[in-house]
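In what follows, a single structure is set out as structure tokens and then discussed.
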Amino acid sequence: MSTVLDGINGPDDVKRLNKGELSELCSELREVLIGRVTDNGGHLASNLGAVELAVALHRVFDSPKDKIIWDVGHQSYIHKLLTGRKQQFSSLRTFGGISGFPDPDESQYDSFSTGHASTSISAGLGMAIARDLAGDDYNIISVIGDGGLTGGMSFEALNHAGHLSKNLIVVLTDNGMSISPTVLLHWGQTGSVFASGIEDDGSFLACFGFFNCVRPVVLYCRRGSSSRCSRNCRWSKRCPQC
Ligand SMILES: Cc1ncc(C[n+]2csc(CCOP(=O)(O)OP(=O)(O)O)c2C)c(N)n1
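Counting in this note's numbering, the final residue of the sequence shown is number 263, and the numbers go up one at a time with none missing.
Okay, structure coming up:
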């Protein structure tokens, strides 16, 4: 019996699916992912958490024209399955096979070679500057977790982005986990500490003036957070949706 995934050879095929098929696709992707990581090893949890995200990004944006930058890159397996590497997926993380991280030499859909954490916003901002200098028009989307966001390079890039007011999209996947539970940048606590004296919205990014140029898209909210808005978003007053 053919599956929804059988019909997916690139992002355009994702865009054609209806709601029910999208849901079925996510289930099938999860099955493939679990099977492959069971056999080949690799990052399971981070990829399981990025199934809907990868599908949504490829439905909304127009990759490879639009540049999706996966911070660390350990969560890019589903992105690979959706961007023409389904047949090679059995070779994931094997000698001569496809990499467990994004690699521009492997695919035009991988816009930045990663492995180290905390580089995606800086890389995205650099691309945004280059894009504007060239007079081009496309989206750049940095996808970063709460763990990746604790690196100093991320703070520097946020500060720089807030200063330059470039069109850059940052998707924060805040699941409260790095390799272990995330410490230091615990939004529920640290967010209010950083934001005190600025605005009582509990948002850390507002400290960087980030909301003036970048609208954050929060796809994951930790359950039980006291600072969530009515739509399950922790950005309260500053939330672009509320
Ligand atoms: C500079 C650097 N330090 C440490 C690591 C090891 N590392 C790999 S994944 C990860 C945690 C990433 O957590 P997060 O960004 O929240 O993403 P999640 O796995 O929760 O989706 C870390 C610390 C790394 N890749 N690079």
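We put the CB at the ideal spot given by N, CA and C, even for glycine.
Comparing the CB of asparagine 196 with every heavy atom of ligand 1, is any distance shorter than 6 angstroms? To locate residue 196, count along the sequence shown from 1; it is residue 175. Within the cutoff, so yes.
CB-CB under 6 angstroms to alanine 144, same chain, minus the five flanking residues each way: which ones, in chain order? Within the sequence shown, residue 144 is the residue found at index 123, counting from 1. In chain order, Ile90, Phe133 place their CB closer than 6 angstroms to the CB of alanine 144, counting only its own chain and leaving out the 5 sequence neighbours on each side.
Per DSSP, what kind of secondary structure is valine 58 in: helix, strand or coil? Residue mapping note: residue 58 aligns to position 37 of the sequence shown, counting from 1. The answer is helix: DSSP assigns valine 58 an H, G or I state.
Own chain residues within Cβ distance below 7 angstroms of glycine 94, not counting five before or after: Taking the first residue of the sequence shown as position 1, residue 94 is located at position 73. Within the same chain, glycine 94 has close Cβ partners Phe122, Pro123, Thr135, Gly136.
Identity of the residue in Asn68, Asp83, Ser186, Lys187 nearest leucine 102 by Cα: Position 81 of the sequence shown, counted from the first residue, corresponds to residue 102. Nearest option by C-alpha distance: Asn68.
Who pairs with valine 164 in a beta bridge, going by DSSP? Locating residue 164 in the sequence shown gives position 143, counting from the first residue. Partner(s): Trp91, Val192.
Going by other Cβ atoms of all chains shown within 10 Å of its Cβ, with 16 needed for buried, is serine 201 buried or exposed? Locating residue 201 in the sequence shown gives position 180, where the first residue counts as 1. By the 10 Å Cβ count, serine 201 comes out exposed.
Answer with buried or exposed for leucine 189, where buried requires no fewer than 16 other C-beta atoms within 10 angstroms of its C-beta. Within the sequence shown, numbered from 1, the residue matching residue 189 stands at position 168. Burial call: buried.
Which residues does DSSP pair with proline 202 in a beta bridge? Within the sequence shown, residue 202 is the residue found at index 181, counting from 1. Proline 202 is bridged to Met198.
Just to check my reading of the structure: serine 186 and glycine 169 have Cβ atoms closer than 8 angstroms, yes? What is that Cβ distance to the nearest angstrom? As a position in the sequence shown, residue 186 is number 165, starting the count at 1. As a position in the sequence shown, residue 169 is number 148, starting the count at 1. Between glycine 169 and serine 186 the Cβ distance is about 23 angstroms, and since that is not below 8 angstroms, they are no contact.
Cβ pair glutamate 49, valine 25 closer than 7 angstroms: Working through the sequence shown from its first residue, we reach residue 49 at position 28. Working through the sequence shown from its first residue, we reach residue 25 at position 4. Cβ distance < 7 angstroms, so glutamate 49 and valine 25 count as in contact.
Would you tell me roughly how many angstroms separate the C-alpha atoms of histidine 79 and glutamate 73, rounded to the nearest one? Here residue 79 is taken as the residue at index 58 of the sequence shown, counted from 1. Here residue 73 is taken as the residue at index 52 of the sequence shown, counted from 1. Spanning the two alpha carbons is a distance of roughly 10 angstroms.
Looking at ligand 1, does it come within less than 6 angstroms of valine 35, judged from the CB to the closest heavy atom? Sequence index remark: in the sequence shown, residue 35 carries index 14 (1-based). Set against 6 angstroms, the gap from the CB of valine 35 to the closest heavy atom of ligand 1 is not smaller.
The stretch 50-58 touching the stretch 104-116, judged by at least three CB pairs closer than 8 angstroms: yes
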